[in-house]
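Chemist: My structure is below; once you've seen it, I'll send some questions.
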Amino acid sequence: NSAENVKWQAVDPEPEPVDSAALALLGKAMERLSDYDRLIISLYHLDECSLPEIAEILGQPRGSLKVRLFRARQKLRSHLAALGWENRNEMQSDTN
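Mapping the sequence shown onto our numbering, position 44 (from 1) lands on 78, and the numbers just tick up by one.
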């Protein structure tokens, strides 16, 4: 039976609509970070690199990067709050 040979692929659900105001605030807050903090946050959250991968890329110890990422997130939250962020889609709180 040809129906038995059909392989079904998982279909990604419709992406959630982008909140352009939130995205603009996030961009402004990211601009306020140092280049290094922005790089670490981008590598971890946008490029989905692991801490060991980031450590290798930047030539830094994993433990130091974990602390730096934590502090960079704190700064980002502070900048977002100053810009009027209202706890939209709370960022992941800690690294694993």
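For each residue, glycine too, the CB sits at the ideal point set by N, CA and C.
Please read these numbers as outputs of a predicted model, since none were measured by experiment.
Quick check on this structure: which residue in 56, 80 and 74 has the alpha carbon closest to the alpha carbon of residue 90?
Modeler: Working through the sequence shown from its first residue, we reach residue 90 at position 56. Residue 90 has its Cα closest to that of 74, out of 56, 80 and 74.
Chemist: Suppose contacts are defined by Cβ-Cβ distances below 8 Å. Is residue 72 in contact with residue 86 by that definition?
Modeler: To locate residue 72, count along the sequence shown from 1; it is residue 38. To locate residue 86, count along the sequence shown from 1; it is residue 52. No.
Chemist: Please state the DSSP three-state secondary structure of residue 66.
Modeler: Indexing the sequence shown from 1 puts residue 66 at position 32. DSSP places residue 66 in coil when its eight states are reduced to three.
Chemist: Give a yes or no on whether the C-beta atoms belonging to residue 118 and residue 67 are separated by under 8 Å.
Modeler: As a first step, residue 118 must be located in the sequence shown, where it is residue number 84. As a first step, residue 67 must be located in the sequence shown, where it is residue number 33. Result no, Cβ atoms of residue 118 and residue 67 do not sit closer than 8 Å.
Chemist: Roughly how many angstroms lie between the CA atoms of residue 106 and residue 114, to the nearest whole one?
Modeler: Here residue 106 is taken as the residue at index 72 of the sequence shown, counted from 1. Here residue 114 is taken as the residue at index 80 of the sequence shown, counted from 1. Distance between the alpha carbons of residue 106 and residue 114 is about 12 Å.
Chemist: Nearest-angstrom Cα distance between residue 129 and residue 76?
Modeler: Taking the first residue of the sequence shown as 1, we reach residue 129 at position 95. Taking the first residue of the sequence shown as 1, we reach residue 76 at position 42. The pLDDT assigned to residue 129 is 45, lower than 50, so where the model puts this residue is not dependable, and the model offers no usable value.
Chemist: Would you report the Cα separation of residue 99 and residue 84, rounded to the nearest angstrom?
Modeler: Here the question's residue 99 lines up with position 65 in the sequence shown. Here the question's residue 84 lines up with position 50 in the sequence shown. Near 11 Å, if we compare the C-alpha coordinates of residue 84 and residue 99.
Chemist: Determine the DSSP secondary structure at residue 53, reduced to helix, strand or coil.
Modeler: Translated into positions along the sequence shown, residue 53 becomes position 19. In the structure shown, residue 53 sits in coil (DSSP, three-state: anything other than H, G, I, E or B).
Chemist: By a C-beta neighbour count over all protein chains shown, 10 Å radius and 16 as the cutoff for buried, is residue 78 buried or exposed?
Modeler: In the sequence shown, counting from the first residue as 1, residue 78 sits at position 44. Residue 78 comes out buried.
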